[in-house]
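See structure below.
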Amino acid sequence: MHVIDRLKIYFFHKNRSHNWHGLSHKMQGWSSLEEQKIRFKAIANGVDFANKRVLDLGCGLGELYDYLSKEKRLGFYLGMDQHWSFLRQAKARIGSTQCRFQYADISRARLPKMDIIIASGSLNYRSRQPDYLEHMIARMYNAATEAVIFNLLNSQTFSQPKLLQPYHKEFVMEYCKTLTPNVVVIDDYSTNDFTIVLKKTPQ
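Residues in the sequence shown are numbered consecutively from 1, following UniProt numbering.
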């Protein structure tokens with residue numbers, strides 16, 4: 001992602017952190033706690049997370065770890081984000097040895113091999129790179145050993161503010177099928193959002 005696009009995202013969250021201090025969902029850009037939770041639920045139901053190594057790209061305050069670890073016993077969780085303030089809060093709040101946080105530009109960082117790789121909300125930001133979404137999906141798929149899960153805003157229902165980029169569900173599905181035939185779409189939880197699961201065929 002271009003540095004200007006990254007800076008726009010950084011200042012967006014910095015301003016929200018100032019204006020909505022103490023309201024974690026607002027600081028991270030979610031419209032409500034309920035919207036955040038229904039997206040987490042769709043992810044949790046997408047694959048079996050029991051004893052899996054999980055990479056969360058754009059982890060924010062690490063609240064997806066909270067949700068998944070209550071639902072499943074994770075093997076290990078690594079959260080990556082470019083916002084130091086979010087990571088500091090996540091590290092201070094979560095003391096598990098099975099959980100780690102790392103500062104990184106997720107669009108460029110080397111992605112470690114993990115069983116399941118997630119991007120919840122972090123692929124919705126607008127990029128001047130035309131193939132940014134496809135590039136990110138491919139990187140996630142290549143680094144995952146079992147599955148990739150991500151959610152996107154639906155272009156058929158979501159109005160387009162300048163910072164966010166909604167997508168056409170069928171277009172994204174068709175691209176994902178060039179990587180694997182094992183593609184599942186979950187779209188029954190929100191009018192503005194859909195989740196895609198890519199499962200890798202065991203070697």
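Where a beta carbon is used, it is the ideal one built from N, C-alpha and C, also for glycine.
Using a Cβ distance threshold of 8 Å, LEU78 and MET136 do not count as a contacting pair. In the DSSP assignment, TYR141 falls within the unbroken alpha helix (DSSP H) covering 132-143. Taking a cut-off of 8 Å on C-beta distances, the region 54-69 does not touch the region 126-135, as fewer than three cross pairs fall below it. A Cβ-Cβ distance of about 7 Å is found for the pair LEU153 and TYR167, placing them in contact under the 8 Å criterion. The three-state reading of DSSP puts SER69 in helix, counting H, G and I together. If you draw a 10 Å sphere on the C-beta of ASN124, you find 16 or more other C-beta atoms in it, and that means buried. In the three-state reduction of the DSSP assignment, GLN129 falls in the coil class. If you draw a straight line from the Cα of LYS91 to the Cα of ASN142, it is about 28 Å long.
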